[in-house]
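J.: Just dropping this structure here.
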Amino acid sequence: MKSISVINLKKEQWFSNIRTDVLAGLVVGLALIPESIAFSAIAGVDPQVGLYASFCIAVTIAFFGGRPAMISAATGAMALLMITLVKDHGLQYLLAATILTGIIQVIAAYFKVAKLMRFVSQSVVYGFLNALAILIFAAQLPEMSKMDSLGYLFMALGLGIIYLFPYLPKIGKTLPSPLICIVVLSGLAILLGADMRTVSDLGQFPDTLPIFLIPGIPLNFETLQIIFPYSITLATVGLLETMMTTTVINEVTETESDRHQECRGQGIANIVSGFMGGMAGCAMIGQSIINVSSGARTRLSTLVAGVFLLCLVVFFKDWLAYVPMAALVAIMVMVAFTTFQWDSVKQFRQHPAAFNVVMIAVVIVVLATHNLALGVLTGVLLSALFIINKLESEVKVQSTLHNQQRHYVITGQIFFSSSEKFFQFFDFKENVSKVVIDLSHAHVWDITSVNMLNNVVQKFKDQAIEVEVIGLNEASSTLIAQYNQSS
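The numbers in UniProt numbering rise by one with no breaks, and the one at position 225 of the sequence shown is 225.
Listed below in structure tokens is the structure:
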């Protein structure tokens, strides 16, 4: 039954997995804190901008998104695109750009741009995930470099808890192991009186709830000229990363989602974030994997993550002094190893060369630029080129001569790339009375091919050779007829 509201309030998408979703949301809410602060630093704004954004986006997307249990918040890929805008024009212009980003994404959802995900091949997805896994792990290195031997011991213990706890009888499957990791390591740090870095050492936390505000900028065309290039880039990267994350979470949970609603939800979330003093964000694959790996399956987990994040940093920030960074680093290392597609390495020799080239290219571009969208775009273009080359190479011809009649049987896809090869099949100087071109096993795709076929026919006629084209399927015949009629 279709919902009568844009807000999704279906019971099964909220309350079918309450205990596990709440516990998973608590883990994600805590794990969002260091990343939100780090992304604020990348963009050049105060920590509260990233924290407010993560709260607003997570809560909003819980109601308006199209993928239950997926986490959206401030992200590194988006933060990298904001640096120049903040440096040159300041925070208020960033807030305005965030609002415009959301508007563009809502418009994109209306035009169903999510359908473009059909052009993303499995090799691109593998490359995206592997590059992201490497980036997630690399992001932990600065924190790991600040650890002493006790910190490394805590991190190793945390990884042991995360991977071994699920195998415990009875309780192993009832509680998310990342949450147990945080509780045990925090308790152990208190018990030992360990002097180590905690979440509270990351920076100054906000002490008030976010409030509605209108960016203090001139509302004129000059302002639009400043923020529009940033907004269109943010909207594109945000939607692309969100759609890629949606694909991954769909596979992990073996469920489907509404991509168009997710695009719309991301837009609404960014509009809310901009008006509440936050930066633009999108889906987070690392946090989403933490969430679903902890057993979350409904929207409740996303809502709990956002609300718990805000409660921690505003009302319970003193508690964060007990949570060692080693616990969160252990969780993110687990996310990195979970995200990496190890099968792509194990089956490297079995995969076609084109598959491996695309995957590696995506990884290299992402690692070189730290831009996931640019990596995906590179992969899509390479995939298209490989497909075009494959289709072109599969165009074949069989030729027979009988009673001064040459019979050409063409097999394959005739389009702009293969049309030149198609033309070279024919011998226009051969002494024959008639040529039959059989396209029963071929398909003519575009105007370039139609024009090339016309040139072939005309070139034979110029040699006083009779030409007959047979075997055209309905679609090819219609295209040829339309082109010849218009010309």
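No residue lacks a Cβ here, since even glycine has one placed at the ideal position from N, Cα and C.
Measuring CB to CB, does Ala-24 end up less than 8 Å from Ser-288?
T.: For Ala-24 and Ser-288, no; Cβs fall outside 8 Å.
J.: By DSSP's criteria, Leu-401 is part of a beta bridge. Which residues make up the other side?
T.: Arg-406, per the DSSP bridge assignment.
J.: Can Pro-210 and Gly-278 be called in contact, C-beta distance under 8 Å?
T.: Yes, the Cβ-Cβ distance between Pro-210 and Gly-278 is below 8 Å.
J.: So Gly-471 and Asp-438 are supposed to be a Cβ contact under 8 Å. How far apart are they, rounded?
T.: About 5 Å; that satisfies the 8 Å criterion.
J.: Report yes if the C-beta distance between Phe-39 and Gly-375 is below 8 Å; otherwise report no.
T.: Their beta carbons are not under 8 Å apart, which means Phe-39 does not touch Gly-375 by this criterion.
J.: So Ile-331 and Ile-162 are in contact, right, with Cβ under 8 Å, and what is the actual spacing, rounded?
T.: Yes, they are in contact, since the Cβ atoms of Ile-331 and Ile-162 sit about 7 Å apart, within 8 Å.
J.: So, Ala-31 versus Ile-410, is the Cβ gap smaller than 8 Å?
T.: No.
J.: Measure how close the beta-carbons of Arg-259 and Gly-66 come, nearest whole angstrom, since I'm counting them as under 8 Å.
T.: Arg-259 to Gly-66, Cβ: 6 Å. Contact.
J.: If you compare alpha carbons, which of Phe-422, Lys-434, Phe-63, Glu-430 is closest to Ala-442?
T.: Checking every option, the nearest Cα to that of Ala-442 belongs to Phe-422.
J.: Would you mind working out which of Val-28, Lys-87, Phe-275, Met-196 sits nearest Ile-103, comparing C-alpha positions?
T.: The residue with the shortest Cα to Cα distance from Ile-103 is Phe-275.
J.: Figure out for me which residue from Val-456, Lys-346, Glu-392, Leu-80 has the closest Cα to the Cα of Val-366.
T.: Per the Cα distances, Leu-80.
J.: Taking C-alpha atoms, which residue in Thr-338, Met-334, Met-359, Ser-200 lies nearest to Ser-344?
T.: The option with the nearest alpha carbon to Ser-344 is Met-359.
J.: Could you compute how far the alpha carbon of Ala-353 sits from the alpha carbon of Val-124?
T.: Cα to Cα, Ala-353 sits roughly 14 Å from Val-124.
J.: Let's test the definition: count the other Cβ atoms within 10 Å of the Cβ of Val-435 and tell me whether it reaches 16, buried, or not, exposed.
T.: Flag for Val-435 reads buried.
J.: Nearest chain B C-beta to Ala-269 closer than 8 Å, yes or no?
T.: Chain labels in this structure do not include chain B; a single protein chain is all it has.
J.: If you run the structure through DSSP and keep just helix, strand and coil, what is residue 488?
T.: The requested residue 488 is not part of the displayed model; the chain covers only 1 to 487.
J.: Taking the alpha-carbon positions, what's the Ile-4 to Gly-29 distance?
T.: Note that Ile-4 scores a pLDDT of 39, beneath 50, so its modelled location is shaky; the value from the coordinates is reported in the next line. Their backbone Cα atoms lie some 31 Å apart in a straight line.
J.: Among residues of its own chain, excluding the 5 on either side of Met-1, which ones have a beta-carbon nearer than 8 Å to its beta-carbon?
T.: Low confidence applies to Met-1: its pLDDT is 40, below 50, so where it sits in the model is not reliable, and the reading given next is rough at best. Excluding residues within five positions, none has a Cβ falling inside 8 Å.
J.: Who are the Cβ neighbours of Gln-413 in its own chain at under 6 Å, not counting the five residues just before and after it?
T.: Excluding positions up to five away in sequence, the list reads Leu-391, His-443.
J.: Would you call the region 84 to 95 in contact with the region 311 to 330, where contact means no fewer than 3 C-beta pairs closer than 8 Å?
T.: As far as the Cβ criterion goes, the region 84 to 95 does not touch the region 311 to 330, which means the pair count is below three.
J.: Quick check on the DSSP output: the beta strand (DSSP E) that includes Ala-439 runs from which residue to which?
T.: For the sequence presented, residue 439 should be read as Leu rather than Ala. 434 to 444 is the span of the beta strand (DSSP E), which, as asked, contains Leu-439.
J.: From the DSSP secondary-structure annotation, give me the bridge partner or partners of Ser-72.
T.: Beta-bridge pairing links Ser-72 to Ala-283.
J.: Measure how close the beta-carbons of Thr-75 and Glu-262 come, nearest whole angstrom, since I'm counting them as under 8 Å.
T.: Actually they are not in contact, since the Cβ atoms of Thr-75 and Glu-262 sit about 15 Å apart, beyond 8 Å.
J.: Below 8 Å, how does it come out for the region 321 to 337 and the region 178 to 197: are there three or more Cβ pairs, yes or no?
T.: A contact exists between the region 321 to 337 and the region 178 to 197.
J.: In the structure shown, what three-state DSSP assignment does Lys-429 receive?
T.: Lys-429: coil per DSSP, three-state reduction.
J.: Which two residues bound the contiguous alpha helix (DSSP H) that contains Val-27?
T.: Unbroken alpha helix (DSSP H) run through Val-27: 18 to 43.
J.: Expressed to the nearest angstrom, what Euclidean distance is found between the alpha-carbon atoms of Leu-100 and Glu-420?
T.: Going from the Cα of Leu-100 to the Cα of Glu-420 covers about 46 Å.
J.: Taking only runs that begin and end inside the region 345 to 392, name each unbroken alpha helix (DSSP H) of 4 or more residues, in chain order.
T.: Taking only runs of at least 4 residues, the alpha helix (DSSP H) segments lying wholly in the region 345 to 392 are 353 to 369.
J.: Compare the Cα-Cα distances from Ile-107 to each of Thr-236, Asn-356, Thr-253 and report the closest residue.
T.: The shortest Cα separation from Ile-107 among Thr-236, Asn-356, Thr-253 belongs to Thr-236.
J.: Using three-state DSSP, classify Gln-105 as helix, strand or coil.
T.: If DSSP states are grouped into helix, strand and coil, Gln-105 belongs with the helices.
J.: Report the rounded CA-to-CA distance for Gly-187 versus Val-323, giving the unit in angstroms.
T.: So the alpha carbons of these two residues sit roughly 9 Å apart.
J.: Please name the residue, chosen from Tyr-126, Phe-348, Gly-281, Gln-204, that lies closest to Glu-251 on a Cα-to-Cα basis.
T.: Measuring from the Cα of Glu-251, the nearest candidate turns out to be Tyr-126.
J.: Cα-Cα, which of Leu-312, His-370, Asn-484, Val-395 is closest to Ser-440?
T.: That would be Val-395, whose Cα lies nearest to the Cα of Ser-440.
J.: Buried or exposed: which applies to Glu-468, given that a residue is buried once 16 or more other Cβ atoms fall within 10 Å of its Cβ?
T.: Under this definition Glu-468 is an exposed residue.
J.: Tell me where the alpha helix (DSSP H) around Glu-254 begins and ends.
T.: Element bounds for Glu-254: n/a, residue is neither H nor E.
J.: So, with DSSP's three-state summary, where would you put Gly-238?
T.: Of the three classes helix, strand and coil, the one that applies to Gly-238 here is helix, per DSSP.
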